[in-house]
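Each remark here refers to the structure printed beneath this line.
Residue numbers (my numbering): 2 to 714.
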């Protein structure tokens, strides 16, 4: 809020009419949330002057109201992620209508005194027609003119700022507006009003003549003898945010038009080698960073991991993606700042010189940053392979994203940064996990549908990933290696026995096309009464591990009428099937695939869902036809060529990693007896094993990154 203290003498009308006519243009100098519909400084469109009904009032914007008036949301700041929005009023279309003629007549003929001006420009607020109205501060406040010792007009539109250039520029605009209205000759004032009646932007109907060409806010400032201010605001563009409110990272959990209601996050697992001081660099031609351990006799694992984590945090943060290590959280916590808390993360971000992060209350802080941490499931080796001293594993967990080009682009940027900055490797212990959420939440039924869809699609899904994934318990198929799939004794499904679970299942599944064993397993799944029931059925083995699909993060947040069927769960569905990869094209195709699986499972109506399952489980003459059927169900037919190539590649991988003659062990599987080997024998075996299974990731792949970026749009 700024105030001009210029005294206005004489009739009030000359001041009000230019402000009415110039108002829409002046709003273009501010962010949209400070415009005409601002709830804290509404424009003259909401005043008594502009409305034929002298009893017009605004309700509080955050409460239900009885009048027909629209609201919309506007961004409050520019931002790396989502910044938060505020609601603003959408004024009834007044400009160019009889309502505007009424307002102009009121200004010209009805404002004979300062008191008339003050009352006419006031905006009244009340909750309902029966409540007492109160005055709210409008964009232009003439109230002080009634005071004998404080003749000033307050201009209230500007967003709060401590930026000196912004303050001075707006103060000069306010001063010159008042000065012009007070002192300009009537002919000059009339000429300005005529120019203000022209369009403010060009249109197909705008002629080239000077009398009808657009008259912009920058033209207005020049006519107010403010050429330097016109240049300043023109450099900012229309509706600029104030300088302080920029680049504030935040996750986006609001449901709004034009943005998919799903969310997603990724977990990138990969390996990085390190050197030892007593040995030369194994690959001196690779310009990418590698840690060199300074001591010959001390275990390098912890220091190598710490050096890698710190480097990744600096690189990501410097590129605009706040990266925080587990170790830095541990070093920064205290009695009043719990580890991993929002205060803990904010302190780390401040020390790293990162702009303040805006935390969302309902999301864990580590899910609002790039979290860099170790994972015990990843391999590590301290006795060298390929001439290196050894390798360590690292996992990067992303913030919560939305499936938009901007957020897909952030994942691609981070992958590109990893590959360009570290000597990246993967082996079969690495995975790429995608968490899919939804701002609307999930029902228990939607989780059953997603699990059923994945169960039916797994023969295709596991042909799209490295053959090792179906052999690892942490990525095991639910249709063959879950507790439910391996259960020998199940209740038999009988179509003559009706229960709530069987009735619901029959509405969603093509029962006549399913084998008895599959019906029995699906009955057990659809009889689940809560998430723990589903987890117990889908987990592989008895150790509580996650398999290829997991609902472990789901939390019941809305209990409805205390029945599971109406409860709402927040959390994510985790797809763990894909191998560890830094291939941006594969990452994009896979992420879009699992997003569609979750969307179809959650939202597809019962009859269509049953037909979709029927199409998926049908027997096809070829693998390509089976793949095509799944992609058609998911609405991803255009991805057939890419996934067809992936299937062929993985079939070749399966042949290359098949057991040697006379052995049952596949190339990527460690034998149980390796733990019984002696020290030297064990190290020699592991060195050969890692060299046989390790994949080096090149610094870049221009074609893959180009294709990934095109796919993200």
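Positions of the beta carbon are idealized from the N, C-alpha and C atoms, including for glycine.
Item, Value
"Per the DSSP calculation, residue 268 is bridged to which residue(s)?", "398, 434"
"Does the count of Cβ pairs from the segment 321-336 and the segment 369-383 closer than 8 Å reach three?", "yes"
"Whole angstroms is fine: what's the gap from residue 653's alpha carbon to residue 476's?", "20 Å"
"Take residue 683 as the anchor and find which of 610, 385, 607 has the nearest alpha-carbon.", "385"
"Quick check on residue 432: buried or exposed, where buried means 16 or more other Cβ atoms within 10 Å of its Cβ?", "buried"
"With distance defined between alpha-carbon atoms, name the residue in 215, 405, 277 nearest to residue 265.", "405"
"I need the straight-line Cα distance from residue 281 to residue 400, nearest angstrom please.", "38 Å"
"Where do the ends of the beta strand (DSSP E) carrying residue 578 lie?", "574-580"
"Which residues share a DSSP beta bridge with residue 570?", "443, 557"
"Exposed or buried, what is residue 426 when buried is set at 16 or more other beta-carbons lying within 10 Å of its beta-carbon?", "buried"
"Thinking C-alpha only, which one of 490, 457, 489 is nearest residue 478?", "457"
"Using only CA atoms, which one of 219, 253, 250 lies nearest to residue 240?", "219"
"Check this for me: beta carbons of residue 143 and residue 174, under 9 Å apart or not?", "no"
"Return the CA-CA distance between residue 691 and residue 558, expressed in angstroms with no decimal places.", "45 Å"
"Where residue 302 and residue 393 are concerned, what is the direct C-alpha to C-alpha distance, given to the nearest angstrom?", "7 Å"
"Under 8 Å, with one C-beta from each stretch per pair, do the segment 339-355 and the segment 228-242 reach the 3-pair mark?", "no"
"Report, in whole angstroms, the separation of the C-beta atoms of residue 294 and residue 388, which I expect to be a contact under 8 Å.", "About 14 Å separates the two Cβ atoms, so there is no contact after all."
"Can you give, in chain order, each stretch of the beta strand (DSSP E) that sits fully within the segment 117-191 and has at least 3 residues?", "124-126, 135-137, 154-156"
"May I ask you to report which of helix, strand or coil DSSP gives residue 292?", "strand"
"Assuming residue 535 is part of the beta strand (DSSP E), what are its boundary residues?", "Counting along the chain, residue 535 falls outside any beta strand (DSSP E), though it belongs to the alpha helix (DSSP H) covering 532-539."
"Looking at the structure shown, is residue 552 part of a helix, part of a strand, or coil, going by DSSP?", "coil"
"Once DSSP output is grouped into helix, strand and coil, what is the label at residue 403?", "coil"
"Please list the terminal residues of the continuous beta strand (DSSP E) segment that includes residue 371.", "371-374"
"Based on Cα-Cα distance, which residue from 105, 131, 138 lies nearest to residue 38?", "138"
"With a threshold of 8 Å, are at least 3 pairs of Cβ atoms found where one atom belongs to the segment 272-279 and the other to the segment 449-456?", "no"
"Between residue 701 and residue 159, what straight-line distance do the alpha-carbon atoms span, to the nearest angstrom?", "47 Å"
"Just to confirm the assignment, what range does the alpha helix (DSSP H) spanning residue 324 have?", "It is not in any alpha helix (DSSP H) - residue 324 instead sits in the beta strand (DSSP E) that spans 324-326."
"At the level of alpha carbons, what is the spacing between residue 41 and residue 165?", "23 Å"
"Quick check on the burial criterion: 16 or more other C-beta atoms within 10 angstroms. Buried or exposed for residue 497?", "exposed"
"Which same chain residues end up closer than 7 Å to residue 418 when comparing Cβ atoms and leaving out the 5 residues on each side of it in sequence?", "316, 317, 320"
"Leaving aside the five residues before and after residue 482 along the sequence, list all residues of the same chain whose C-beta is less than 6 Å from its C-beta, in chain order.", "541"
"Do residue 155 and residue 136 count as a contact pair if the criterion is CB distance below 9 Å?", "no"
"Starting from residue 495, follow the alpha helix (DSSP H) in both directions and report where the run begins and ends.", "No alpha helix (DSSP H) holds residue 495; DSSP gives it neither H nor E."
"State the start and end residues of the unbroken alpha helix (DSSP H) segment that holds residue 527.", "517-527"
"Could you give the first and the last residue of the continuous alpha helix (DSSP H) run that contains residue 651?", "641-657"
"With burial defined as no fewer than 16 other Cβ atoms inside 10 Å of the residue's Cβ, what is the status of residue 606: buried or exposed?", "exposed"
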